[in-house]
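Undergrad: These protein sequence lines map, in sequence, to chains L and V. Everything in the first sequence is counted per UniProt numbering, starting at 1 for the first residue and increasing by one. Everything in the second sequence is counted per UniProt numbering, starting at 1 for the first residue and increasing by one.
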Amino acid sequence: MNALSRFFRRLEGPQTLGRGPGFWVGFLVVLAGACAYPLFSDGYTVGNTVYFFTWIFMALGLSLIWGYGGSLSFGQTAFFGIAGYAYGILTINFGAAYGFTFVALLFAVAIAALFAALLGYFLFFGRISGVFLGIVTLSITLVLERFMAQTAGPEWKIGAARLNGFNGMSNMPPLTLPWPGGDIVLYPDVQLYYVVLGMLVLVYLGLRILVNSPFGNVLVAIRENPERAEMLGYDIRKYQLGTFVIGAALAGLSGVLYTSWGQYITPSSMGMTAAALPIVWVAVGGRSDLTTTLVGTVTVLAVFQALTIHGSQYALVVMGVMLVLTVLLAPRGLIYALARLVARPFSKRASNGQPGDA
Amino acid sequence: MPMLQTLGLNKRFGGLHVTNNVDLTLEAGEVHCLIGPNGAGKSTLFRLILGEHLPSSGAILFGGEDITSLKPFQRIRRGMSVKFQVPGIFKALSVRQNLEIAMQHHYDPAVLAEEIDKLLEFLNLTEDSTRLAGNLSHGQKQWLEIGMAISLKPRLLLLDEPTAGMSPEETHATGEMVKRLNAQGMTVLAVEHDMAFVRQVAQQVTVLHLGRVFAQGTIDEIVANEDVAAIYLGQTTAHETAHEPAGAPHA
């Protein structure tokens, strides 16, 4: 009983912004708003919102690896792509009956996590860190993109699934809920919205508990001073690897949801631009906190889409400018800075105990 | 059985022979100080003991166990703990969280908060527990790191110039604390420049010079040793060179 209450108390702690009744009331209001949103909107717009949601998992994973653990990785899109392709290959071959799409989701995420474990083992147990970690992970992402781009020929197929080179794979079944009286096919519409929203809430709360746990303590300790963390008896390589795998699994979840959402995955989802964008979302939002990462990702994606509609050639330039401004004006993130500003008058102790005031 | 023993320890960086056939023995329960002029190889020896460097040859025994090839965290788990010269703390985290990270796996979760409170009080940091560690004064940072080091309840405490940058009063207080920890049974190895501190705490003193053990004994013996005085004044004799040919004994 005691252990259980300790577990839930970790929903708030030194590693997450937002605590106390005020925050949780706000959380519930936002959640209620999110739940009610489809009632005031049409199916197309709701489906489009799901598109935003699918990316958040990858961003939260990057926040964990980079913001909390201090390792900048460009590898998130690689795991995104691996899981996306794996979902496509599995569902094209085995179909969507009996809820198999959700089994495929689990397998695809596990494949991405396994790949991350293998790669991460060589990276972290080889003591690769800092800028070199970024370079290696980016290289691997780009190699994967190049590889998938040359799979156009008919010889590149796994079972019934053609990899299709640069054109990408398409026509895999979307996630399908088995239901008495007829399966529910989750096209980008209200039902998919609720499923993804549910996943998002679970992942967000789960990560809050994780980062405020002893594991999270060690994680930020490694970010702050890896030598000291090791000299307290922690095998920091294991913690870094564990974080990397969890982050990769979340990127994989994004990949599966994206593939299912659009019934489509291409090598360019692992390209240079795709690899850089998560860095922008997370940096602009505030990488060292889950909530600011979440809010930042949605905000940046919404701005990006609006820009793409009204002047496509400038959208990426604006992303770049946003990143530069963040680095210059609010290195801990624009949303993070905003959140601190809003929170200050409500909390007398905020300026004292919070990391980030230094 | 000695707490710590180095047997014929050698470390070369390229052509530089920084640790030259060092035999050092620490008996359980003693406070041992490692002194020597700049460049004597104190820090390298320290890092060899911790496992941050691996020796070119020789062996290190900890409580009778050969730990020569163990990684630093494995040595820590066997009962070593270290305080670095430059305070190794988590600057962007609160003082309390610094201690929590050090202590979370050594205490039952039910009593952890209470134990942290006790240690905060011992370190005189209760008032500052919610401040960021990076905002503490220099002396407080040193104390915080000492607190983190002793919270692991080590058998052997390694201190790398624990009083660097401290006022004479703080230095004295640190010395008293070392004596108190020693009285509770902790073995201590300290690299130190401050002779007042060495005189205050040391039961055994080892003088390193050009990578070798130059002299060993009680503080009074060392002070009476004219050769030691000579190396501190820079009057080295010609045969002591750091560029000895290879061929040191292997353990």
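We put the CB at the ideal spot given by N, CA and C, even for glycine.
With 9 Å as the threshold, decide whether the Cβ of residue 349/L is near any Cβ in chain V.
TA: In the first sequence, the residue the question calls residue 349/L occupies position 349. For residue 349/L, the predicted structure reports a pLDDT of 48, less than 50, and the residue's modelled location is therefore unreliable. A value from the coordinates is still provided. At least one chain V Cβ lies under 9 Å of residue 349/L.
Undergrad: With a threshold of 9 Å between beta carbons, is residue 330/L in contact with chain V?
TA: The sequence position of residue 330/L within the first sequence is 330, counting from 1. No, because no Cβ of chain V sits closer than 9 Å to the Cβ of residue 330/L.
Undergrad: Straight-line CA distance for residue 100/V to residue 213/L?
TA: As a position in the second sequence, residue 100/V is number 100, starting the count at 1. As a position in the first sequence, residue 213/L is number 213, starting the count at 1. Residue 100/V and residue 213/L: Cα-Cα distance of roughly 11 Å.
Undergrad: With a threshold of 8 Å, are at least 3 pairs of Cβ atoms found where one atom belongs to the stretch 216-227 of chain L and the other to the stretch 89-97 of chain V?
TA: A contact exists between the stretch 216-227 of chain L and the stretch 89-97 of chain V.
Undergrad: Under a Cβ-count criterion, where at least 16 other Cβ atoms within 10 Å of its own Cβ denotes burial, should residue 146/L be classed as buried or exposed?
TA: Indexing the first sequence from 1 puts residue 146/L at position 146. Residue 146/L is exposed by the Cβ-count criterion.
Undergrad: Going by CA-CA distance only, name the one from 110/V, 159/V and 128/V that's closest to residue 6/L.
TA: Along the first sequence, one-based indexing puts residue 6/L at 6. When each option's Cα is compared against that of residue 6/L, the closest is 110/V.
Undergrad: Which runs of the alpha helix (DSSP H) spanning at least 4 residues fall entirely within the stretch 252-309 of chain L, listed in chain order?
TA: The qualifying runs are 272-285.
Undergrad: For the beta strand (DSSP E) containing residue 21/V, list its first residue and its last residue.
TA: Position 21 of the second sequence holds residue 21/V. Counting along the chain, the beta strand (DSSP E) containing residue 21/V begins and ends at 16-26.
Undergrad: Between residue 82/V and chain L, is the shortest Cβ-Cβ distance under 9 Å, so that the two count as touching?
TA: For the purposes of this step, residue 82/V is identified with residue 82 of the second sequence, where counting begins at 1. Output row for residue 82/V: interface = yes.
Undergrad: Consider the Cβ of residue 6/V: report whether some Cβ of chain L lies at a distance smaller than 9 Å.
TA: For the purposes of this step, residue 6/V is identified with residue 6 of the second sequence, where counting begins at 1. Chain L contact via Cβ: absent.
Undergrad: List the endpoints of the continuous alpha helix (DSSP H) containing residue 148/L.
TA: On the first sequence, residue 148/L is found 148 positions in, with the first residue counted as 1. 131-149 is the extent of the alpha helix (DSSP H) around residue 148/L.
Undergrad: I want to verify the contact list: residues of chain L whose CB lies under 7 Å from the CB of residue 253/V, in sequence order.
TA: Given a span of 1 to 251 for chain V in the structure shown, any question on residue 253/V remains unanswerable.
Undergrad: Quick check on DSSP: helix, strand or coil for residue 10/V?
TA: Locating residue 10/V in the second sequence gives position 10, where the first residue counts as 1. Strand at residue 10/V.
Undergrad: For residue 53/V, decide whether its Cβ has a neighbour in chain L, counting only Cβ atoms nearer than 9 Å.
TA: The residue you call residue 53/V lines up with position 53 of the second sequence. It does not: the Cβ of residue 53/V has no partner Cβ on chain L nearer than 9 Å.
Undergrad: Can you tell me which of 42/L, 85/L and 34/L puts its alpha carbon nearest to the alpha carbon of residue 270/L?
TA: As a working mapping, residue 270/L is identified with position 270 in the first sequence. The shortest C-alpha separation from residue 270/L is found at 85/L.
Undergrad: So, using beta-carbon positions, are residue 125/L and residue 237/L closer together than 9 Å?
TA: Residue numbering aside, residue 125/L sits at position 125 when the first sequence is read from its first letter. Residue numbering aside, residue 237/L sits at position 237 when the first sequence is read from its first letter. Yes, the Cβ-Cβ distance between residue 125/L and residue 237/L is below 9 Å.
Undergrad: Touching or not, the stretch 202-210 of chain V and the stretch 31-48 of chain V, by the rule of three or more beta carbon pairs under 8 Å?
TA: They touch, by the three-pair rule.
Undergrad: Starting from residue 54/L and walking both ways along the alpha helix (DSSP H), at which residues does that stretch end?
TA: Reading the first sequence from its first residue, position 54 is the one you call residue 54/L. Counting along the chain, the alpha helix (DSSP H) containing residue 54/L begins and ends at 43-62.
Undergrad: Below 7 Å CB to CB, which residues in the same chain sit around residue 150/L once its five sequence neighbours on both sides are set aside?
TA: To locate residue 150/L, count along the first sequence from 1; it is residue 150. Closer than 7 Å at Cβ, skipping near neighbours: 165.
Undergrad: Quick test of the definition: if touching needs 3 or more C-beta pairs under 8 Å, does the stretch 118-134 of chain L touch the stretch 150-161 of chain L?
TA: Touching, no, given that fewer than three Cβ pairs across the two stretches are closer than 8 Å.
Undergrad: Can you pull the chain V neighbours of residue 217/L, defined as C-beta to C-beta under 8 Å?
TA: Taking the first residue of the first sequence as position 1, residue 217/L is located at position 217. Result: 97, 100, 101 and 104.
Undergrad: Suppose contacts are defined by Cβ-Cβ distances below 9 Å. Is residue 282/L in contact with residue 63/L by that definition?
TA: Here the question's residue 282/L lines up with position 282 in the first sequence. Here the question's residue 63/L lines up with position 63 in the first sequence. Yes; because the gap between Cβ atoms is below 9 Å, this pair is in contact.
Undergrad: Touch check for the stretch 77-92 of chain V and the stretch 142-159 of chain V: three-plus C-beta pairs under 8 Å?
TA: Enough Cβ pairs lie closer than 8 Å, so yes.
Undergrad: Compute the beta-carbon to beta-carbon distance between residue 286/L and residue 169/L, rounded to the nearest angstrom, for a pair I have assumed lies under 8 Å.
TA: Indexing the first sequence from 1 puts residue 286/L at position 286. Indexing the first sequence from 1 puts residue 169/L at position 169. Contact flag wrong, Cβ pair sits at about 35 Å.
Undergrad: Note down, in chain order, every chain L residue with its Cβ under 9 Å from the Cβ of residue 89/V.
TA: Locating residue 89/V in the second sequence gives position 89, counting from the first residue. Result: 224, 225 and 228.
Undergrad: So is residue 148/V in contact with chain L if we call contact Cβ pairs under 9 Å?
TA: Start at 1 with the first residue of the second sequence, and residue 148/V comes out as number 148. With 9 Å as the cut-off, residue 148/V counts as an interface residue toward chain L.
Undergrad: Touch check for the stretch 22-34 of chain V and the stretch 82-95 of chain V: three-plus C-beta pairs under 8 Å?
TA: No: the two stretches stay apart, fewer than three of their Cβ pairs being nearer than 8 Å.
Undergrad: Enumerate in chain order the residues of its own chain whose CB-to-CB distance from residue 251/L is below 6 Å, with the five nearest sequence positions on each side excluded.
TA: Indexing the first sequence from 1 puts residue 251/L at position 251. The residues are 58, 61, 76, 79 and 80.
Undergrad: In this structure, does DSSP put residue 69/V in helix, strand or coil?
TA: Taking the first residue of the second sequence as position 1, residue 69/V is located at position 69. In this structure, residue 69/V counts as coil in the three-state DSSP scheme.
Undergrad: Whole angstroms are fine: how far does the CA of residue 59/V sit from the CA of residue 66/V?
TA: As a working note, residue 66/V is residue 66 in the second sequence. As a working note, residue 59/V is residue 59 in the second sequence. So the alpha carbons of these two residues sit roughly 7 Å apart.
Undergrad: When DSSP labels each residue in this structure, what does residue 8/L get in the three-state scheme?
TA: What you label residue 8/L is simply residue 8 of the first sequence in a count that begins at 1. Reduced to three states, the DSSP call for residue 8/L is helix.
Undergrad: Which chain B residues are close to residue 164/V, counting only those with a beta carbon under 9 Å from its beta carbon?
TA: Any reference to chain B falls outside this structure, whose protein chains are L and V.
Undergrad: On a CA-only basis, which of 257/L, 211/L, 268/L and 247/L is nearest residue 198/L? Give me that one, please.
TA: The residue labelled residue 198/L in the question sits at position 198 within the first sequence. Ranking 257/L, 211/L, 268/L and 247/L by Cα distance to residue 198/L puts 257/L first.
Undergrad: Since residue 122/V is in the alpha helix (DSSP H), which residue starts that stretch and which ends it?
TA: Counting from one through the second sequence, the residue named residue 122/V turns up at place 122. From DSSP, the alpha helix (DSSP H) with residue 122/V extends over 109-122.
Undergrad: Return the chain-ordered list of same chain residues with a C-beta closer than 6 Å to the C-beta of residue 104/L, the five sequence neighbours on each side being excluded.
TA: Position 104 of the first sequence, counted from the start, is the residue given in the question as residue 104/L. Here the set comprises 87, 90 and 91.
Undergrad: Would you report the Cα separation of residue 207/L and residue 174/V, rounded to the nearest angstrom?
TA: Counted from its first residue, the first sequence places residue 207/L at position 207. Counted from its first residue, the second sequence places residue 174/V at position 174. In a straight line, the C-alpha of residue 207/L is about 41 Å away from that of residue 174/V.
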